[in-house]
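Q: Heads up: the sequence lines are chains A and B, in that order.
For the first sequence, full-length UniProt numbering assigns the number 480 to the last residue and increments by one with no breaks.
For the second sequence, full-length UniProt numbering assigns the number 480 to the last residue and increments by one with no breaks.
Built from N, CA and C at the ideal position, the CB exists for glycine as well.
Pasting in a structure now, in structure tokens, and then I'll have a few things to ask.
Number of protein chains: 2
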Amino acid sequence: MQELEVDVAVIGAGTAGLGAYRAARTHGKRAVIIESGPYGTTCARVGCMPSKLLIAAAEAAHMLEHAAGFGVHAGATRIDGAAVMARVRSERDRFVGFVLEGVDAIPAEDKLRGHARFTSPHTLQIDEHTLVRFQTAVIATGSRPFVPTELHNVGPNVIVNDDVFEWTDLPKSVAVIGTGVIGLELGQALSRLGVRVTMYARGGSVAQLTDPVVRETAMRVLSEEMDIRFQHLPLRATQHGDEIELTMRTTAGDEVTERYQYVLCASGRLPNVDMLGLECTGLELSPRGIPLFDPRTMQCGASHIFIAGDANAERPVLPEASDHGRIAGDNAGRYPDVRPGLRRAPLTIAFTEPNVVALGRSYRELSGEGKPAFAVGQVSFHNQGRSRVMLQNRGLLRVYGEYRTGKFLGAEMIAPRGENLGHLLAWAYQCRLTVKEMLDMPFYHPVIEEGVRTALRDLQANIDKGVPPEPPGPDRTPGI
Amino acid sequence: MQELEVDVAVIGAGTAGLGAYRAARTHGKRAVIIESGPYGTTCARVGCMPSKLLIAAAEAAHMLEHAAGFGVHAGATRIDGAAVMARVRSERDRFVGFVLEGVDAIPAEDKLRGHARFTSPHTLQIDEHTLVRFQTAVIATGSRPFVPTELHNVGPNVIVNDDVFEWTDLPKSVAVIGTGVIGLELGQALSRLGVRVTMYARGGSVAQLTDPVVRETAMRVLSEEMDIRFQHLPLRATQHGDEIELTMRTTAGDEVTERYQYVLCASGRLPNVDMLGLECTGLELSPRGIPLFDPRTMQCGASHIFIAGDANAERPVLPEASDHGRIAGDNAGRYPDVRPGLRRAPLTIAFTEPNVVALGRSYRELSGEGKPAFAVGQVSFHNQGRSRVMLQNRGLLRVYGEYRTGKFLGAEMIAPRGENLGHLLAWAYQCRLTVKEMLDMPFYHPVIEEGVRTALRDLQANIDKGVPPEPPGPDRTPGI
């Protein structure tokens with residue numbers, strides 16, 4: 001077995017790992033980056049980019065169907081599934097190519113291939129070929145889709161998101177298990193592209209929403225165009241030829257059996273921390289097996305090991321993986337002089353239509369025990385001027401504010417152009433603006449941002465009313 | 001002749017006038033609002049709203065044509081001009097209806113109908129029926145389209161934007177005179193809806209752009225889908241049956257004659273201040289005949305007369321008319337205790353596709369004599385990730401920053417989702433953020449806002465380089 005001595009060992013060459021490697025190198029340290037799978041990030045290969053490509057095609061198909069509302073009539077529309085998937089794959093390959101160029105630019109001696117596992121707090125074994133002794137390490141091993149045990153070992157037509165982007169044509173039918181961000185994005189896109197889609201949700205969750213009022217609106221709005229069945233759990237599945245016979249059980253105990261060409265598991269992702277030999281590191285682990293870490297520094301306890309990206313399950317989205325990686329790599333390079341890095345206002349977006357967006361502090365977090373009461377303002381997009389002009393007048397935005405200071409605290413929404421409104425509001429949150437200061441900002445006309453203004457005016461009016469006499473319980477909607 | 005004594009006389013019942021009337025009334029003053037034309041604002045009747053309705057139909061038509069790029073084929077598309085215009089008019093009527101409800105809510109004794117002209121600094125004559133003596137007045141008379149003298153008295157098929165929204169079907173062909181915001185919005189929309197459109201520009205201006213680099217990109221991008229002829233002046237026009245024979249002369253002296261069903265004059269708007277008897281007020285006038293006023297208070301000189309909205313030609317767009325009106329009415333009501341009102345960061349948007357947007361301080365303003373040099377950063381949207389995913393990868397954003405302070409100064413762009421990026425940047429400008437602070441804000445992935453980040457990084461790099469050795473002249477692009 002080869003032996004190697006390095007300053008910094010980075011495990012995983014995804015977004016977080018590449019960022020960590022580069023940041024560690026700026027300190028002039030000898031660093032290696034270890035990858036067991038194909039190069040190319042989750043984002044570029046099977047995540048953000050290919051899903052957005054599929055969604056762009058789906059939005060075009062959707063517009064064809066709905067243009068008649070403007071007096072513009074598509075003829076006999078035809079969705080060329082092979083062409084749709086060819087564009088998705090070729091543009092995906094282009095994005096992956098940029099990542100690979102970055103990997104190519106890393107000196108060969110800094111790249112190790114194979115599965116890494118800790119054999120002591122300062123050693124990693126790579127497959128059976130190399131032992132790496134390190135001063136500091138960054139765990140950036142990413143995540144993988146969770147597949148419910150009932151769907152294990154059924155056959156090739158039980159799939160995960162990764163498989164979708166290898167299709168060379170669109171399938172006839174898909175059951176999507178899970179209504180998180182990935183399930184909803186893919187389910188709606190496939191449905192708009194003419195695939196028969198059934199979405200199954202264990203409970204009543206909708207993407208990342210925690211505000212029950214927004215969630216209820218989202219359930220209704222998304223159900224208007226899609227077959228979504230809440231309170232359904234997978235019971236069993238069998239492969240029959242090129243189909244899956246899927247039996248779901250409702251929480252009421254009823255069983256439903258249907259056949260689909262594919263069953264797509266999108267019921268969450270698991271951080272890849274279970275095959276790392278973490279027991280040899282002495283790190284304290286969470287009940288999920290993830291090392292406890294400081295989100296300002298990415299440091300695991302007071303140790304010389306850092307954890308970044310999906311692997312730490314803090315906010316498993318690309319921009320955070322990128323920030324995590326930079327902070328972890330910087331601290332691994334400067335250890336023991338560990339410093340807090342830049343963390344930004346939380347912002348998550350599901351690119352469904354309308355977009356599902358949460359930013360700042362969530363409704364659930366604000367409603368938690370021991371927290372002060374907060375005021376809420378809201379706007380429905382049903383009669384919002386510009387949204388109606390564009391025939392995109394579906395959705396609801398709820399904004400949160402602090403009674404005492406008048407500060408803007410956060411928002412959750414399902415809204416047209418929600419991705420853009422989300423940036424506007426997340427920046428305002430990071431600037432620590434008050435709701436009054438936000439109302440003093442420019443709002444053009446006619447724009448969807450005017451809907452934000454309506455919600456903020458409502459919020460300010462509720463802030464001005466002051467804390468309601470009884471503090472709101474978890475089942476009450478405070479402030480409105 | 002009837003005589004009336006009031007505290008505040010508001011001339012004009014558009015956006016600015018209605019706002020001024022309401023603001024004056026909050027001081028408990030007796031106010032009247034005088035209108036000579038039909039009720040309903042420029043915005044709702046012939047401006048923002050109906051143009052955006054036409055544009056929404058045009059974007060649907062455009063998507064049908066371009067969906068094939070995603071593998072989605074529209075078949076033989078049919079644009080039902082009557083249906084397009086029916087939706088534009090009926091939704092327009094709905095928006096006008098909201099304005100009329102507001103007018104109806106004003107007590108009858110506060111509303112005067114007829115043309116108002118000053119007969120002294122404290123009297124207005126309304127047609128020949130009423131003399132109004134007032135303590136203070138607000139001029140909120142709006143603006144009207146400018147029609148070049150060569151196109152006067154030609155016939156019914158020389159039209160202005162107001163006429164477009166009375167159409168019951170789409171015409172076969174239109175010559176648009178002018179490439180300002182209105183000309184470009186209507187010209188592109190009609191062109192996308194299958195109307196043969198030629199756009200003629202006197203010089204090389206594109207909407208509100210002052211940055212020569214952005215303007216050049218805009219000329220190229222918009223010309224890719226439209227027949228735009230710069231450096232053309234109207235020479236003469238003749239009505240032949242239901243067509244206009246239009247002769248234009250190039251600045252090189254060549255003459256071009258073509259026939260169109262309509263010639264649409266969109267070469268600017270004139271403030272309605274020329275028939276007001278301003279000579280009887282003693283107010284000092286600008287060379288254009290507009291009373292000199294303070295943009296913080298809307299007060300004309302040190303007088304008891306205020307001017308708001310398009311009439312003062314400061315920023316003739318709806319959100320400003322609304323702010324102007326509120327400030328002017330408030331000060332008319334509290335006179336002589338005149339106070340500065342809330343002015344927001346400048347933001348103007350042309351809802352072409354891509355959007356043309358300017359915000360903060362313009363390139364022209366920053367390049368003016370005696371101003372310090374400024375740094376520029378830019379991004380092309382040609383290879384911007386998400387823009388390309390959506391096949392909307394056309395355009396350019398240029399951002400400006402101050403060398404000494406690192407503060408963000410403004411931006412001009414032709415960009416996908418420019419209306420949304422414009423709000424984000426205008427808010428940042430109003431918050432007086434530095435470019436570094438903006439780069440610390442959240443940017444999700446993959447979003448068009450990441451293009452903004454690229455431009456800001458470029459700007460920060462140029463700020464860090466410091467002022468170039470020779471101060472940039474008007475024909476040099478500083479900082480890049």
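Within its chain, find whatever has a CB closer than 7 Å to the CB of V181 of chain A; leave out the 5 residues flanking it on each side and keep chain order.
A: Within the same chain, V181 of chain A has close Cβ partners A207, Q208 and A350.
Q: DSSP beta-bridge partners for D162 of chain A?
A: Paired residues: none, contrary to the question.
Q: Should the region 216–235 of chain A be regarded as contacting the region 124–135 of chain A, the criterion being three or more beta carbon pairs within less than 8 Å?
A: Contact between the region 216–235 of chain A and the region 124–135 of chain A is absent, because fewer than three Cβ pairs lie under 8 Å.
Q: Excluding the five sequence neighbours on either side, which residues of its own chain have a C-beta within less than 8 Å of the C-beta of V356 of chain B, listed in chain order?
A: For V356 of chain B, where only same-chain residues beyond five positions count, the Cβ hits under 8 Å are V181, L184, V206, A207, Q208, L209, A218, I349, A350, M413, I414 and G418.
Q: G69 of chain A and L391 of chain A: beta carbons closer than 7 Å?
A: Contact: yes.
Q: Let me check one thing: in DSSP terms, what residues is H382 of chain A bridge-paired to?
A: H382 of chain A pairs with nothing; no bridge assigned.
Q: May I ask you to report which of helix, strand or coil DSSP gives E412 of chain B?
A: Residue state, collapsed to three classes: strand.
Q: Give the residues of chain B in contact with F443 of chain A, contact being defined as C-beta atoms less than 9 Å apart.
A: Neighbours of F443 of chain A on chain B, chain order: P319, R344, L347 and H423.
Q: How about S120 of chain A and C300 of chain A: do their beta carbons lie closer than 7 Å?
A: Cβ distance not < 7 Å, so S120 of chain A and C300 of chain A don't count as in contact.
Q: By the three-class DSSP mapping on this structure, what secondary structure does D7 of chain A have?
A: Residue state, collapsed to three classes: strand.
Q: In terms of alpha-carbon separation, which member of A:A44, A:G385, A:E91 and A:E35 lies closest to L276 of chain A?
A: Ranking A:A44, A:G385, A:E91 and A:E35 by Cα distance to L276 of chain A puts A:E35 first.
Q: Helix, strand or coil for G401 of chain B? Go by DSSP, reduced to three states.
A: Correct three-state label for G401 of chain B: strand.
Q: According to the neighbour-count rule (16 or more other Cβ atoms, all chains shown, within 10 Å of its Cβ), is M248 of chain B buried or exposed?
A: Burial call: buried.
Q: For D227 of chain A, report the span of its beta strand (DSSP E) as first-last.
A: D227 to R229 is the span of the beta strand (DSSP E), which, as asked, contains D227 of chain A.
Q: Is the shortest distance between the beta-carbon of M413 of chain B and the beta-carbons of chain A less than 7 Å?
A: False, the Cβ-Cβ gap to chain A never drops below 7 Å.
Q: Who are V256 of chain A's beta bridge partners in DSSP?
A: Paired residue(s): A:M248.
Q: Grab the span of the beta strand (DSSP E) containing F443 of chain B for me, first residue to last.
A: F443 of chain B -> no beta strand (DSSP E), and no H or E assigned at all.
Q: Cβ closer than 7 Å: which chain A residues qualify as neighbours of E3 of chain B?
A: Near E3 of chain B there are no residues of chain A at all, since even the closest Cβ is about 39 Å away, more than 7 Å.
Q: What's the gap between the Cα of E243 of chain B and the Cα of A57 of chain B?
A: Spanning the two alpha carbons is a distance of roughly 25 Å.
Q: Quick one: is Q125 of chain B near chain A, going by C-beta distance under 7 Å?
A: False, the Cβ-Cβ gap to chain A never drops below 7 Å.
Q: If we call anything under 7 Å between Cβ atoms a contact, is E245 of chain B one with R229 of chain B?
A: Contact: no.
Q: Helix, strand or coil: how does DSSP classify G479 of chain A here?
A: A caution first: G479 of chain A carries a pLDDT of 47, below 50, which makes its placement in the model unreliable, though a value can still be read off. G479 of chain A: coil per DSSP, three-state reduction.
Q: The beta strand (DSSP E) spanning K52 of chain B covers which residue range?
A: Counting along the chain, K52 of chain B falls outside any beta strand (DSSP E), though it belongs to the alpha helix (DSSP H) covering C48 to H66.
Q: By how many angstroms is the C-alpha of M49 of chain B removed from the C-alpha of N312 of chain A?
A: Roughly 48 Å separates the two Cα atoms.
Q: For S191 of chain B, count neighbouring C-beta atoms within 10 Å of its own C-beta (all shown protein chains included) and say buried if the count is 16 or more, exposed if not.
A: Counting Cβ neighbours within 10 Å, S191 of chain B comes out buried, since at least 16 surround it.
Q: Along the alpha helix (DSSP H) that carries G333 of chain B, what are the first and last residues, could you check?
A: Note, G333 of chain B: alpha helix (DSSP H), L318 to R334.
Q: With a threshold of 7 Å between beta carbons, is I79 of chain A in contact with chain B?
A: Judged by the 7 Å Cβ criterion, I79 of chain A is in contact with chain B.
Q: Quick check on V389 of chain B - is its C-beta less than 7 Å from some C-beta in chain A?
A: True, the Cβ-Cβ gap to chain A drops below 7 Å.
Q: So is A74 of chain A in contact with chain B if we call contact Cβ pairs under 7 Å?
A: True, the Cβ-Cβ gap to chain B drops below 7 Å.
Q: If you count every other CB in all the chains shown that lies within 10 Å of the CB of P478 of chain A, and 16 or more means buried, which is it?
A: Low confidence applies to P478 of chain A: its pLDDT is 47, below 50, so where it sits in the model is not reliable, and the reading given next is rough at best. It is buried - the Cβ of P478 of chain A has at least 16 other Cβ atoms within 10 Å.
Q: Given this structure, state the Cα-to-Cα distance separating F443 of chain A from M441 of chain B, to the nearest angstrom.
A: So the two alpha carbons sit approximately 20 Å from each other.
Q: Using a Cβ-Cβ cut-off of 8 Å (strictly less than) and excluding sequence neighbours within five positions of Y436 of chain A, which residues of its own chain qualify?
A: The amino acid at residue 436 of chain A is misidentified as Tyr; the sequence shows Lys. Around K436 of chain A: G406 and Q460.
Q: Could one say the Cβ of A61 of chain A lies closer than 7 Å to chain B's Cβ atoms, at least one of them?
A: Cβ-Cβ to chain B under 7 Å: yes for A61 of chain A.
Q: Which word fits A16 of chain A, buried or exposed, when buried means at least 16 other C-beta atoms lie within 10 angstroms of its C-beta?
A: Flag for A16 of chain A reads buried.
Q: How many angstroms separate the CA atom of R476 of chain A from the CA atom of H423 of chain A?
A: Here the model assigns R476 of chain A a pLDDT of 48, short of 50, so the residue's position is not dependable and the matter cannot be decided.
Q: Does the CB of residue 487 of chain B have a neighbour CB from chain A at under 7 Å?
A: No answer is possible for residue 487 of chain B: the residues shown for chain B start at 1 and end at 480.
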